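Visitor: In full-length UniProt numbering, the protein residues as written are 1 to 712. By construction, the Cβ of each residue, glycine as well, lies at the ideal position given by its N, Cα and C atoms. Fair warning: this is a prediction, and the values are worked out from it, not measured in the lab.
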């Protein structure tokens, strides 16, 4: 069988066992068969009835002649002979050149239904994969039918080990039928053969598993050695060295992985063998208790010693493989310590300490195993010596012969050798225990030292840490405040861009009064006051309209605002007024006022009216007699200026308020009674509002009168 497995490497293909078995999860497939008169062939379609298949649109279809149906049936019967009698009788179809001369009759509907039934029956017997792959020539997956050589060999070795293990278990089950120890000795011989066979097959199986990793280890080791020599030489360029550096890391990782896998496989093999011999030793000890010490020592003691020796050797190999594995892990941690950061040093040191403790523990277990074996062997030898001493011998004439025989006794020499080995084991155990204790104490001292250093650092630097924490808190707070301030400024800027407004909001009348006040304050104080002049006309630029005659019967009503007393009539006409004087007397309209100027003080109260005096002429006649020739001459020298119309800022502000604020109508409850108790402050507030309303109305009338004045 092993030769057949090895011959698979040469032009052989291994088919999987059970490749054409039925699937566990069957789907509901529906076949539809109909005759196509154009192609003169059968149209076969297959679709799945499941909901998922409808959603995915899974289906198959094809055109088949009657001869092709017969060929597909023959291929299926080679795998499933149960289908030989299931195909219905098909009509003979002319082939070759006869198909051009002979017209074949189309098959009936009953034949199509019989073919549908045949396909459903073939689906139940052959399975979905086999039928669809042959009928519709589905793409063949090599992994579904053919085995890989490596996996096939592994299965072959595993099957051999399992077969030998089953044979051993069958033999162990026969032990209960043995009544005497003599019958048991026959079973012992067969059991020894099975044990050796299982051990041999396990070795073959694990050698097969080890071989690729051994080859990988050798290949990577050679590559690493060549790469080191190439990097050390000066004849190689930088490009080649850079390429080798990248490959060097990959080879090193592969080398480490190969070593780890090899160590794991060695450990698994020795563990399985140790379990095998440990079970055999346990069964032998049960037989001793069952059949007695005397008969067992006579017939089965030698086999027990043999099994104990094999178990001791295998356990020693197992402990050795585990120790090498732990040492490799420890060395890897130490290598990482040399090239690691300060943060990972403590964790790597703890890991290395753990692996070193495991090494000491496994060494102690190995020494304990040796001590147990040698003590059992010493007891056996002492028993042999006691048996020898208990033997009765005849008296000898020469005593020197007895001394020579005692000196040449091999049991005593073997006993002395075992005693020396036990002493060596005790010394090694003491050394390992002292090393373990010192390592643990050093590790504890190191941890305590690190702990003390950390506590001192925390104690000495607690104030600094608090300061840093406070500084960090203040910094975060200031950053938060600055960020919020920036956000607020950004929102204000966006709001101003969206809703633009003037720089200052002041009434138009207040601006004109401020301009007049500033012009009056800007006049030089050294100029003497002008002489009294007749009252000026009401408007310089107003059109001259004939005034209506004053009423004769009734006196005129008193004005709302008291005017100054009239002056005596002029002796001579006033001199002509120049344009410069007019322009200087007029307030500048377009001159902007500073935003910080205070509003002008209220005007002084008017003087009390004087009693009327008789005058030769009435005031209306005086106004009519005013000479305006000078004003007309000055008017010709004036130039009209384009005054830009300014929008009222208060109106703009009100417009913005109307746009931005939606006013709601307030429903006044008529049943609600007004409070009866009204304080003085409410009356004062109403009076102040009335006064403000009257002043605003008078100012608006004056403003409208000033805007109507024109030069004409």
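Helix, strand or coil for residue 434? Go by DSSP, reduced to three states.
Guide: helix
Visitor: Buried or exposed for residue 682, please, with buried defined as at least 16 other CB atoms from any protein chain shown within 10 angstroms of its CB.
Guide: Label assigned to residue 682: exposed.
Visitor: Put residue 341 into one of helix, strand or coil per three-state DSSP.
Guide: The DSSP-derived three-state label of residue 341 is coil.
Visitor: Taking 7 Å as the cut-off, decide whether the C-beta atoms of residue 134 and residue 72 are in contact.
Guide: Yes, the pair counts as a contact, with Cβ atoms nearer than the cut-off.
Visitor: Do you know how far the Cα of residue 328 is from the Cα of residue 366?
Guide: 18 Å
Visitor: Counting only the same chain and skipping the five closest in sequence on each side, list residues whose C-beta sits under 8 Å from that of residue 384.
Guide: 411
Visitor: Report the CB separation of residue 91 from residue 107 in whole angstroms; it is logged as a contact under 8 Å.
Guide: 6 Å
Visitor: If residue 299 sits next to residue 185, beta carbons under 8 Å apart, how far is it from one beta carbon to the other, in whole angstroms?
Guide: 6 Å
Visitor: Going by DSSP in three states, residue 105 sits in which element: helix, strand or coil?
Guide: coil
Visitor: Does residue 205 pass the burial test, meaning 16 or more other C-beta atoms within 10 Å, or should it be called exposed?
Guide: buried
Visitor: Using the rule of at least 16 other Cβ atoms within 10 Å of the residue's Cβ for burial, across every protein chain shown, is residue 280 buried or exposed?
Guide: buried
Visitor: Can you list, in chain order, the residues of its chain with a C-beta nearer than 6 Å to that of residue 211? Leave out the 5 residues immediately preceding and following it.
Guide: Contacts found: none.
Visitor: Per DSSP, residue 43 is paired with what?
Guide: 34, 63
Visitor: Give me, in chain order, the residues of the same chain whose beta-carbon lies closer than 8 Å to that of residue 13; leave out the 5 immediate sequence neighbours on both sides.
Guide: 146
Visitor: By the DSSP assignment, the alpha helix (DSSP H) with residue 246 in it spans what residues?
Guide: 238-291
Visitor: Using a 10 Å radius around the Cβ and a threshold of 16 neighbouring Cβ atoms, would you call residue 273 buried or exposed?
Guide: buried
Visitor: Considering only their Cβ atoms, is the gap separating residue 261 from residue 221 smaller than 7 Å?
Guide: no
Visitor: Under three-state DSSP, which class holds residue 58?
Guide: coil
Visitor: What residue from 32, 61, 63, 122 has the CA that sits closest to residue 74's CA?
Guide: Ranking 32, 61, 63, 122 by Cα distance to residue 74 puts 122 first.
Visitor: Quick one: any contact between the stretch 228-241 and the stretch 151-160, if contact means 3 or more CB pairs under 8 Å?
Guide: no
Visitor: In chain order, what residues of the same chain have a beta carbon less than 8 Å from the beta carbon of residue 254, not counting five sequence neighbours either side?
Guide: Correct list, in chain order: 216, 220.
Visitor: Within 10 angstroms of its Cβ, does residue 33 collect 16 or more other Cβ (buried), or is it exposed?
Guide: buried
Visitor: Throw me the rounded Cβ distance for the residue 271 and residue 318 pair, which I believe falls under 8 Å.
Guide: 6 Å
Visitor: Can you name the start and end residues of the alpha helix (DSSP H) that residue 161 belongs to?
Guide: 149-173
Visitor: Just confirm the distance between the C-beta atoms of residue 79 and residue 130, as a whole number of angstroms; I'd bet it's less than 8 Å.
Guide: 7 Å
Visitor: I think residue 278 touches residue 311, with their Cβ atoms under 8 Å apart; what is that distance to the nearest whole Å?
Guide: 6 Å
Visitor: Flag this pair as yes or no: are the beta carbons of residue 136 and residue 62 separated by less than 7 Å?
Guide: Yes, the pair counts as a contact, with Cβ atoms nearer than the cut-off.
Visitor: Near residue 65, which residues of its chain fall below 6 Å by C-beta distance, leaving aside the five closest residues on each side in sequence?
Guide: 41
Visitor: For residue 231 versus residue 198, is the C-beta spacing smaller than 7 Å?
Guide: no
Visitor: Quick check on the DSSP output: the alpha helix (DSSP H) that includes residue 462 runs from which residue to which?
Guide: 462-498
Visitor: Check the C-beta distance from residue 161 over to residue 202 and give it rounded, since I have them as a contact under 8 Å.
Guide: So it is a contact: roughly 6 Å between Cβ atoms.
Visitor: Of the residues 454, 195, 453, 207, which one's Cα is nearest the Cα of residue 276?
Guide: 195
Visitor: For residue 291 versus residue 181, is the C-beta spacing smaller than 7 Å?
Guide: yes
Visitor: Around the Cβ of residue 629, are there at least 16 other Cβ atoms within 10 angstroms (buried) or fewer (exposed)?
Guide: exposed
Visitor: On the three-state DSSP scale, how would you describe residue 48?
Guide: strand
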